[in-house]
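Step one of this worksheet: look at the structure below.
Number of protein chains: 2
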Amino acid sequence: METSASRLRIVLVGTQHPGNIGSSARALKTMGLSRLALVAPERFPHADADAMAAGAGDVLASAERHATLAEAVADCRLVLGCTARDRRVALEPLAPREAAARAVEAAGSGAAVAIVFGPERTGLSNEDLHLCHAAVHIPADPAYSSLNLAAAVQVLTYELRLASLAAESAGDGAELGRSLASHAELEGFFGQLAQTLDEIDFHKGRAPDSAMRKLRRLYLRAGLDAKEVRLLRGILADAQRMASLGRSGSR
Amino acid sequence: METSASRLRIVLVGTQHPGNIGSSARALKTMGLSRLALVAPERFPHADADAMAAGAGDVLASAERHATLAEAVADCRLVLGCTARDRRVALEPLAPREAAARAVEAAGSGAAVAIVFGPERTGLSNEDLHLCHAAVHIPADPAYSSLNLAAAVQVLTYELRLASLAAESAGDGAELGRSLASHAELEGFFGQLAQTLDEIDFHKGRAPDSAMRKLRRLYLRAGLDAKEVRLLRGILADAQRMASLGRSGSR
């Protein structure tokens, strides 16, 4: 079945180290992708590719082989090339996040999309960049910007997965998650907290407002849910019970 | 000179493949980081580590060595552990992006921060997770969620770099801000809280672990500063005093 994910392919051009092909296959599979296309890899198949693929041998086994990038992206409506900065080819520069959003949107509307990575030593040739519609730059430290090829694939596939998940959840809304305590629940807790501080003689003559202000701020920051409020009130109730015994005991 | 980046460290615990240590060093350096801490690596130094580090040999050479995770994060006020989902340890779950934002914010306010990765085969032990303030989950495909260790480090360091760049461009805004409580301060508070719950007879025969786990999560989520920890401990001390009077009173 064709899915949005199946319309997203990662293309590796002229890869030199077969281990990077295997690591890239693993990166794809962990991020929910399965289409890997190889353009003229130097050595493939290879034991290093199999070893680095780990549990993603299926992605490796079904990788497409092409002689040229033009052939690998012939059916694609969007082709994004990953490059280091400051290339001579004037392509629109995209951050990985923007690139992923654009790729997922295009795939969602039925287009085939390719994200392309060049050889380890040289990156994509100018000729191959001419086949790309925009350039993706990972914002590496300019002092040492040389990401490993599979690491760059991991970053891009990670962003593709986030973009896919965001697109899915924009579809069905309704975050399950924790349900935050209501205003009334919180105020009930703060009221009991203030009373408990009195009963355990916390203030010792100082004005009670300052401590309560700090405590309110702290607990509001935590974003308590209703269960947590009940837990905290249970603790306060026991402290109050002990304080009441304490007061009668010290009488 | 101490910088915000120098307060962010990546900690690898019990790494089995030295190549992953080298790849992680490269990931750090490309993302503008330099502090790598190694806890009981199986084989290090090793030729595979050197080979995979490529131009990041300096990061590898200056990597710290520790016998235990506790030692590696002793000075850290924020410790984030990367794990697969659905662990039995109930830590606040963070997406890489949230984790990076929190880490960069804490480092910017002067706190030492650690992001911790466990051994390849097993991940972090429950014991090591207990040293962490929150858990980071990379949103991998549940059908195959096994990221390579160095790939996971690349994802987190990439998010740290984005968060750092965002913080820089948000202007040197010179946030004076709160100074977060240290790990030791927090553990001192949790110890006293557990003792107080006993003394006010909160558990009433139930296992105490569940309540303490929920309370830890709640207070860690709040990001307590040192003053707030002192305030909460003052309240606990008064509750303990009352409980002691109560026990003698009810005798």
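Chain order of the listed sequences is C and F. Once you know that position 44 of the first sequence is 102 in the working numbering, the rest is easy, because the numbers rise by one and skip nothing. Once you know that position 246 of the second sequence is 304 in the working numbering, the rest is easy, because the numbers rise by one and skip nothing. All C-beta atoms, glycine included, are put in the ideal place defined by N, C-alpha and C.
### Task
For residue 151 of chain F, go through chain C and note every residue whose CB falls closer than 9 Å to its CB, in chain order.
The residue labelled residue 151 of chain F in the question sits at position 93 within the second sequence. By Cβ distance, chain C contributes nothing, its closest Cβ being about 11 Å from residue 151 of chain F, past 9 Å.
#### Entry: Beta carbon proximity, residue 233 of chain C to chain F, threshold 8 Å
Along the first sequence, read from residue 1 onward, the residue named residue 233 of chain C stands at position 175. Confidence in residue 233 of chain C is poor, its pLDDT being 35 and thus under 50, which makes the residue's placement unreliable; the coordinate value appears in the next sentence. No, residue 233 of chain C does not count as interfacial toward chain F.
### Query
Skipping 5 residues on each side, what residues in its chain have a beta carbon closer than 7 Å to that of residue 247 of chain F?
One-based indexing of the second sequence puts residue 247 of chain F at position 189. The residues are 287, 290 and 291.
#### Entry: Whether residue 85 of chain F touches residue 194 of chain F by CB criterion (8 Å)
Numbered from 1 along the second sequence, position 27 holds the residue referred to as residue 85 of chain F. Numbered from 1 along the second sequence, position 136 holds the residue referred to as residue 194 of chain F. Not closer than 8 Å, so no.
### Query
Sorted by chain position, which residues of the same chain lie with C-beta nearer than 6 Å to residue 121 of chain F's C-beta, five sequence neighbours on each side aside?
Here the question's residue 121 of chain F lines up with position 63 in the second sequence. 94 and 96, listed in sequence order.
### Query
Span of the alpha helix (DSSP H) holding residue 245 of chain F?
As a working mapping, residue 245 of chain F is identified with position 187 in the second sequence. Start and end: 241 to 257.
### Message
For a quick check, are the C-beta atoms of residue 71 of chain F and residue 182 of chain F less than 8 Å apart?
### Response
Counting from one through the second sequence, the residue named residue 71 of chain F turns up at place 13. Counting from one through the second sequence, the residue named residue 182 of chain F turns up at place 124. Their beta carbons are under 8 Å apart, which means residue 71 of chain F touches residue 182 of chain F by this criterion.
#### Entry: Opposing strand residues paired with residue 96 of chain C [DSSP bridges]
Within the first sequence, residue 96 of chain C is the residue found at index 38, counting from 1. C:70 and C:123.
### CB contact check: residue 197 of chain C to chain F, cutoff 8 Å
As a first step, residue 197 of chain C must be located in the first sequence, where it is residue number 139. Interface residue, yes.
### Query
In three-state DSSP terms, what is residue 151 of chain F?
For the purposes of this step, residue 151 of chain F is taken as residue 93 along the second sequence, with counting starting at 1. Three-state DSSP puts residue 151 of chain F in a strand.
### Query
Straight-line CA distance for residue 280 of chain F to residue 150 of chain F?
Locating residue 280 of chain F in the second sequence gives position 222, where the first residue counts as 1. Locating residue 150 of chain F in the second sequence gives position 92, where the first residue counts as 1. If you take the alpha carbons of residue 280 of chain F and residue 150 of chain F, they lie about 11 Å apart.
### Task
Kindly provide the ranges of any beta strand (DSSP E) runs that are 3 or more residues long and lie completely inside the stretch 162 to 206 of chain F, ordered along the chain.
171 to 175 and 192 to 194
### Query
Between residue 300 of chain C and residue 300 of chain F, is the Cβ-Cβ spacing less than 8 Å?
Position 242 of the first sequence holds residue 300 of chain C. Position 242 of the second sequence holds residue 300 of chain F. Yes, Cβ-Cβ distance for residue 300 of chain C and residue 300 of chain F is below 8 Å.
### Task
Step through the CB atoms of chain C and report whether any lies within less than 8 Å of the CB of residue 156 of chain F.
Within the second sequence, the letter at position 98 stands for residue 156 of chain F. By this cut-off, residue 156 of chain F is not an interface position.
### Query
Would you call the stretch 101 to 109 of chain F and the stretch 126 to 140 of chain F in contact, with 3 or more CB pairs under 8 Å?
no
### Query
Per DSSP, residue 139 of chain F is paired with what?
By one-based count along the second sequence, residue 139 of chain F stands at place 81. Paired residue(s): F:174 and F:193.
### Task
List the residues that DSSP assigns as beta-bridge partners of residue 214 of chain C.
For the purposes of this step, residue 214 of chain C is identified with residue 156 of the first sequence, where counting begins at 1. In the DSSP output, where bridge partners are listed per residue, residue 214 of chain C has none listed.
### Query
Would DSSP call residue 231 of chain F helix, strand or coil?
Counting from one through the second sequence, the residue named residue 231 of chain F turns up at place 173. Unreliable placement is indicated for residue 231 of chain F, whose pLDDT of 36 sits below 50; the coordinate value is still reported in the next sentence. Three-state DSSP puts residue 231 of chain F in coil, outside helix and strand.
### Query
What's the call for residue 161 of chain F, buried or exposed, on a 16-neighbour Cβ count within 10 Å?
Within the second sequence, residue 161 of chain F is the residue found at index 103, counting from 1. Per the 10 Å Cβ criterion, buried.
### Message
If contacts are defined as beta-carbon pairs under 8 Å, then residue 237 of chain F and residue 166 of chain F qualify, I think. What distance do you get, rounded to the angstrom?
### Response
Here the question's residue 237 of chain F lines up with position 179 in the second sequence. Here the question's residue 166 of chain F lines up with position 108 in the second sequence. With 8 Å as the limit, residue 237 of chain F and residue 166 of chain F do not qualify as a contact, their Cβ atoms being about 11 Å apart.
#### Entry: Spatial neighbours of residue 221 of chain C in its chain, beta-carbon cut-off 6 Å, leaving aside the 5 residues before and after
Looking up residue 221 of chain C in the first sequence gives position 163. Correct list, in chain order: 158, 159 and 162.
#### Entry: contact_flag[the stretch 248 to 256 of chain C, the stretch 199 to 215 of chain C] where n(CB pairs < 8 Å) is 3 or more
no
### Message
Beta-carbon within less than 6 Å of residue 110 of chain C's beta-carbon, same chain only, minus the 5 sequence neighbours each way: which residues are those?
### Response
Stepping through the first sequence from its first residue, residue 110 of chain C is reached at position 52. Contacts found: 77, 80 and 81.
#### Entry: For residue 189 of chain F and residue 131 of chain F, believed in contact at Cβ under 8 Å, the rounded distance
Counting from one through the second sequence, the residue named residue 131 of chain F turns up at place 73. Counting from one through the second sequence, the residue named residue 189 of chain F turns up at place 131. That belief holds up - the Cβ atoms of residue 131 of chain F and residue 189 of chain F are roughly 6 Å apart, short of 8 Å.
#### Entry: For residue 134 of chain F and residue 83 of chain F, believed in contact at Cβ under 8 Å, the rounded distance
Looking up residue 83 of chain F in the second sequence gives position 25. Looking up residue 134 of chain F in the second sequence gives position 76. Contact flag wrong, Cβ pair sits at about 20 Å.
### Message
Can you tell me which residues form a DSSP beta bridge with residue 283 of chain F?
### Response
Sequence index remark: in the second sequence, residue 283 of chain F carries index 225 (1-based). Per DSSP, F:238.
### Task
Return yes when the Cβ of residue 282 of chain F is within less than 8 Å of the Cβ of residue 244 of chain F, no when it is not.
Here the question's residue 244 of chain F lines up with position 186 in the second sequence. Here the question's residue 282 of chain F lines up with position 224 in the second sequence. Yes, Cβ-Cβ distance for residue 244 of chain F and residue 282 of chain F is below 8 Å.
### Task
Can you have a look at residue 241 of chain F and say buried or exposed, based on whether 16 or more other CB atoms are within 10 angstroms of its CB?
Here the question's residue 241 of chain F lines up with position 183 in the second sequence. Its Cβ being crowded by 16 or more others within 10 Å, residue 241 of chain F is buried.
### Query
Given a threshold of 16 other Cβ atoms within 10 Å of its Cβ, counted over all protein chains shown, does residue 278 of chain C qualify as buried or as exposed?
For this step, residue 278 of chain C is matched to residue 220 along the first sequence. Answer is exposed; the Cβ neighbour count stays below 16.
### Task
Counting only the same chain and skipping the five closest in sequence on each side, list residues whose C-beta sits under 7 Å from that of residue 298 of chain C.
Here residue 298 of chain C refers to the residue found at position 240 when the first sequence is read from its first residue. So the list reads 254 and 257, once near-sequence residues are dropped.
### Length of the line joining the Cα atoms of residue 98 of chain F and residue 176 of chain F
In the second sequence, counting from the first residue as 1, residue 98 of chain F sits at position 40. In the second sequence, counting from the first residue as 1, residue 176 of chain F sits at position 118. Distance between the alpha carbons of residue 98 of chain F and residue 176 of chain F: 11 Å.
### Task
Determine the direct distance from the alpha carbon of residue 114 of chain F to that of residue 180 of chain C, and round the result to whole angstroms.
Counting from one through the first sequence, the residue named residue 180 of chain C turns up at place 122. Counting from one through the second sequence, the residue named residue 114 of chain F turns up at place 56. When rounded, the distance between both Cα atoms is 19 Å.
### From C:225, C:272, C:305 and C:249, residue whose alpha carbon lies closest to that of residue 294 of chain C
Counting from one through the first sequence, the residue named residue 294 of chain C turns up at place 236. When only C-alpha atoms are compared, the closest one is C:249.
### Task
Examine chain F for any beta-carbon lying closer than 8 Å to the beta-carbon of residue 313 of chain C, and answer yes or no.
Outside the shown range of chain C, which is 59 to 309, sits residue 313 of chain C, and nothing can be said about it.
### Message
Please list, in chain order, the residues of the stretch 200 to 221 of chain F that have any C-beta partner in chain C closer than 8 Å.
### Response
201, 202, 203, 204, 205, 206, 208, 209, 212, 213, 216, 219 and 220
### Query
For residue 170 of chain C, which residues from the same chain have a beta carbon less than 7 Å from its beta carbon, with the 5 sequence-adjacent residues on both sides left out?
Here residue 170 of chain C corresponds to residue number 112 of the first sequence, with the count starting at 1. Correct list, in chain order: 65, 133, 134 and 135.
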